[in-house]
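To start, the structure under review is shown below, and the notes come after it.
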Amino acid sequence: MRQVLYISTAARTFEARDADSIRAISRRNNEADDVSGLLYFDGKRVLQALEGEAVAVARALARIEKDDRHKAIVILSDRMVDTREFGDWSMAYRAPGSDAEVFITRVSDLVAGASAMVSATFNSFAETRRAA
Ligand SMILES: Cc1cc2nc3c(=O)[nH]c(=O)nc-3n(C[C@H](O)[C@H](O)[C@H](O)COP(=O)(O)O)c2cc1C
2 MRQVLYISTA ARTFEARDAD SIRAISRRNN EADDVSGLLY FDGKRVLQAL
52 EGEAVAVARA LARIEKDDRH KAIVILSDRM VDTREFGDWS MAYRAPGSDA
102 EVFITRVSDL VAGASAMVSA TFNSFAETRR AA
């Protein structure tokens, strides 16, 4: 199973309707490809984990890289894992200016079953972005 973690930056501030459309398209594509993971985004910064068969993850990444709603994609980690760390695909979206504590707790709940490396990456990212 291939697992990729990347960060990126929104080309412009994501509104709730951008979040809704990305959520709907991603869920459809990822379910069809059996890709699981977590998409964090807070209006400006993105952190996403994707995992599944290597070809399916490569296909998802190719779609994501083509999307000009975000830029400066940097792969943080690309490795093979024995088992999935995320049971399905989910998204944690924080509308700009909304409550940081609720969001940080939600992210922490969503990564509770993941490896130490993955959960620390998400939790510290959410913490660093507290003031977003
Ligand atoms: C931050 C961000 C994360 C995304 N994550 C995914 C994803 O996990 N899976 C996916 O299929 N598309 C994702 N997309 C959307 C793709 O970039 C692309 O718009 C979509 O896959 C096109 O799907 P379609 O060709 O079926 O219309 C993401 C887009 C952004 C901006």
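Just so we're aligned, residue 2 is where the sequence shown starts under the working numbering, counting upward by one. Here a beta-carbon is modelled for each residue, glycine too, at the ideal position from N, C-alpha and C. Please read all numbers here as calculations on a predicted model, not as lab measurements.
Given residue i, which residues of its chain have a CB within under 6 angstroms of its CB, disregarding the five upstream and five downstream residues?
{"i": "L40", "result": "Q49 and M92"}
Under 9 angstroms, do residue i and residue j count as touching if we go by C-beta distance?
{"i": "E52", "j": "V5", "result": "yes"}
{"i": "G44", "j": "A11", "result": "yes"}
{"i": "A115", "j": "F123", "result": "yes"}
{"i": "N31", "j": "S37", "result": "yes"}
{"i": "R1", "j": "R3", "result": "In the structure displayed, the chain extends from 2 to 133; residue 1 sits before or after that span and is not available."}
{"i": "Y94", "j": "R18", "result": "no"}
{"i": "L111", "j": "Y7", "result": "no"}
By the three-class DSSP mapping on this structure, what secondary structure does residue i have?
{"i": "F87", "result": "coil"}
{"i": "D79", "result": "strand"}
{"i": "M92", "result": "strand"}
{"i": "V1", "result": "Any question about residue 1 goes unanswered here, given that the chain covers just 2 to 133."}
{"i": "F42", "result": "strand"}
Can you give me the Cβ contacts of residue i inside the same chain, cut-off strictly under 7 angstroms, excluding the 5 residues immediately before and after it?
{"i": "T14", "result": "G44, K45 and P97"}
With distances taken from CA atoms, which of the options is nearest residue i?
{"i": "A113", "options": "D21, G88, D79 and I65", "result": "G88"}
Excluding sequence positions up to five away, which residues of its chain have a Cβ less than 8 angstroms from the Cβ of residue i?
{"i": "W90", "result": "S27, R28, N31, E32, V36, S37, G38, L39 and L40"}
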